[in-house]
Amino acid sequence: MNRRELLKSSGLFVGYAVSSAALTNLFISCQAEARVNLDWNPVFLSKEQANTLAEITETILPKTTTPGAKELAVPQFIDKMLKEVSGKADQINFVAGLTQIDKDCTNKYGKTFVECSAEDRTAFLLAMDEAAGVFPPSVWGITLAPPSPVAFFRQLKSLTLFGYYTSEEVGKNILSYDPVPGDFIACMPLKEVGNAWNE
Numbered sequence: 069m070n071r072r073e074l075l076k077s078s079g080l081f082v083g084y085a086v087s088s089a090a091l092t093n094l095f096i097s098c099q100a101e102a103r104v105n106l107d108w109n110p111v112f113l114s115k116e117q118a119n120t121l122a123e124i125t126e127t128i129l130p131k132t133t134t135p136g137a138k139e140l141a142v143p144q145f146i147d148k149m150l151k152e153v154s155g156k157a158d159q160i161n162f163v164a165g166l167t168q169i170d171k172d173c174t175n176k177y178g179k180t181f182v183e184c185s186a187e188d189r190t191a192f193l194l195a196m197d198e199a200a201g202v203f204p205p206s207v208w209g210i211t212l213a214p215p216s217p218v219a220f221f222r223q224l225k226s227l228t229l230f231g232y233y234t235s236e237e238v239g240k241n242i243l244s245y246d247p248v249p250g251d252f253i254a255c256m257p258l259k260e261v262g263n264a265w266n267e
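Position 170, counted from 1, in the sequence shown is what the working numbering calls 238; the numbers after and before it change by one each time, with no gaps.
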């Protein structure tokens, strides 16, 4: 083999090595994009984290006869709350909690939370809910027990429920509680008075 053939061969070898690495990265990025199915742009979280958050909130509050969490933009609400209301430490803890959920799910099922089946997601979150404990008891916002660290899942579930029940759709069309006392009419069809309480 002469020097010219050696240079040609080494050039081809380097070309194959570089192109195979580039193709591998391209395939990996395509797979990551295929897993992320968002129709909104997060303002704080990454797309992967927002996708995980969306699937968690939808598992907590799935669509039944009432709208689900994704339909009422609960993940967007949480993302915006993290950006505009939460402090730096809370933001870091939230992202770490989402990452830990994916790690725990991967350890248990061999897949990330988003890749798991609906049954696996539900079982996983039920186990987290049992392990999370409850908030300390309080009366009128005053905690009656010494504060203890609140589990990430308990915080996430609270934000999910808060975003869901304060949405306009739920307030106007689902909840039928009138917090302002009025005349007591024992028998009145609901169709006559409606069920909106926040107008």
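Ideal Cβ positions, reconstructed from N, Cα and C, are used throughout, including at glycine.
Distance between residue j and residue i (C-alpha atoms, nearest Å)
i           : j           : result
residue 100 : residue 171 : Low confidence applies to residue 100: its pLDDT is 41, below 50, so where it sits in the model is not reliable, and the reading given next is rough at best. Rounded to whole angstroms, residue 100 to residue 171 spans 16 Å at the Cα level.
residue 91  : residue 118 : For residue 91, the predicted model reports a pLDDT of 38, less than 50, meaning its position is unreliable and no value from the coordinates is stated.
residue 160 : residue 154 : 10 Å
residue 98  : residue 106 : Low local confidence applies: a pLDDT of 38 at residue 98 is under 50, so the model's placement there is unreliable, with the coordinate-based value given in what follows. If you take the alpha carbons of residue 98 and residue 106, they lie about 15 Å apart.
residue 209 : residue 218 : 16 Å
residue 115 : residue 109 : 7 Å
residue 191 : residue 224 : 17 Å
residue 130 : residue 238 : 14 Å
residue 169 : residue 132 : 25 Å
residue 183 : residue 193 : 14 Å
residue 255 : residue 226 : 36 Å
residue 198 : residue 251 : 43 Å
residue 201 : residue 213 : 14 Å
residue 128 : residue 134 : 13 Å
residue 162 : residue 244 : 33 Å
residue 181 : residue 151 : 23 Å
residue 103 : residue 138 : Residue placement at residue 103 is poorly supported in this model, since its pLDDT is 49, which falls under 50; the coordinates are not used for a value here.
Nearest neighbour of residue i, chosen from the options [CA to CA]
i           : options            : result
residue 185 : 248, 250, 124      : 124
residue 149 : 244, 231, 262      : 231
residue 259 : 241, 223, 147      : 241
residue 136 : 196, 144, 126, 145 : 126
residue 177 : 166, 189, 167      : 189
residue 221 : 164, 206, 257      : 164
residue 187 : 213, 173, 211      : 173
residue 142 : 179, 181, 233      : 233
Terminal residues of the alpha helix (DSSP H) in which residue i lies
i           : result
residue 196 : 186 to 200
residue 164 : 156 to 177
residue 119 : 115 to 128
residue 257 : That residue, residue 257, is in no alpha helix (DSSP H); it is neither H nor E in DSSP.
residue 112 : No alpha helix (DSSP H) contains residue 112, which DSSP labels as neither H nor E.
residue 237 : 236 to 241
residue 227 : 220 to 233
residue 150 : 142 to 152
Pair within 8 Å by beta-carbon distance, residue i and residue j
i           : j           : result
residue 229 : residue 166 : no
residue 158 : residue 111 : no
residue 140 : residue 206 : no
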